[in-house]
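Participant:
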Amino acid sequence: MKLTVYLSGEIHTDWRDEIARGLAEKDLQVTLTSPNTDHASSDDCGDEILGTETLPFWKDHKAAKINALRTRKLISDADIVVVRFGEKYKQWNAAFDAGYAAALGKSLIVQHDPELTHPLKEVDAAAMAVCETPQQIVEILNYISRN
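As structure tokens, this is what we get:
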């Protein structure tokens, strides 16, 4: 089975690379997509493309809308959406992506540490699986692809 999986969420660790390596080791036909994970590029795209803003709100507003063009398209095209919540930052964008995916009826896998179970209970309730490691995500994708 060939799948397209959108990897949303935390950008400060190599969890996406861990999943890609695990899928390659199992020779799975999975296409991985993700948001722009270059923080500076993502934050500055509005200014760089549409012109510099003096107020932070408008700079962020323009960048968020441009980034949403990519995010909406890739989530819409995905068979499965994986959302990882890291421990260092509150990822409001990840929670938004999870809600958007759920509203579209996408199959959702969530990954986070056990300490985040209570604050993410509504997100977890919308997910088909809640994992703690990238390897668990690989194993789920392996299971549904091969069985």
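Residues 490 to 636 in my numbering are what the sequence shown lists, from first letter to last.
We put the beta carbon where it would ideally sit given N, CA and C, even for glycine.
#1: Suppose you measure from the CA of residue 520 to the CA of residue 494; what does that come to, to the nearest Å?
#2: Assuming residue 595 contacts residue 570 (C-beta within less than 8 angstroms), just tell me the rounded distance between them.
#3: According to DSSP, is residue 555 part of a helix, a strand, or is it coil?
#4: Going by DSSP, what residue range makes up the alpha helix (DSSP H) through residue 600?
#5: Between residue 504 and residue 573, is the Cβ-Cβ spacing less than 7 angstroms?
#6: With DSSP as the reference, label residue 523 as helix, strand or coil.
Facilitator: According to the structure data:
#1: Along the sequence shown, read from residue 1 onward, the residue named residue 520 stands at position 31. Along the sequence shown, read from residue 1 onward, the residue named residue 494 stands at position 5. Rounded to the nearest whole angstrom, the C-alpha separation of residue 520 and residue 494 is 6 angstroms.
#2: Counted from its first residue, the sequence shown places residue 595 at position 106. Counted from its first residue, the sequence shown places residue 570 at position 81. Rounded, the Cβ-Cβ distance is 5 angstroms, consistent with contact.
#3: Here residue 555 refers to the residue found at position 66 when the sequence shown is read from its first residue. Residue 555: helix per DSSP, three-state reduction.
#4: By 1-based counting over the sequence shown, the position of residue 600 is 111. Not the alpha helix (DSSP H): residue 600 falls in the beta strand (DSSP E), residues 596 to 600.
#5: Here residue 504 corresponds to residue number 15 of the sequence shown, with the count starting at 1. Here residue 573 corresponds to residue number 84 of the sequence shown, with the count starting at 1. At a Cβ-Cβ threshold of 7 angstroms, residue 504 and residue 573 count as neighbours.
#6: Taking the sequence shown and counting its residues from 1, the one referred to as residue 523 is at position 34. Residue state, collapsed to three classes: coil.
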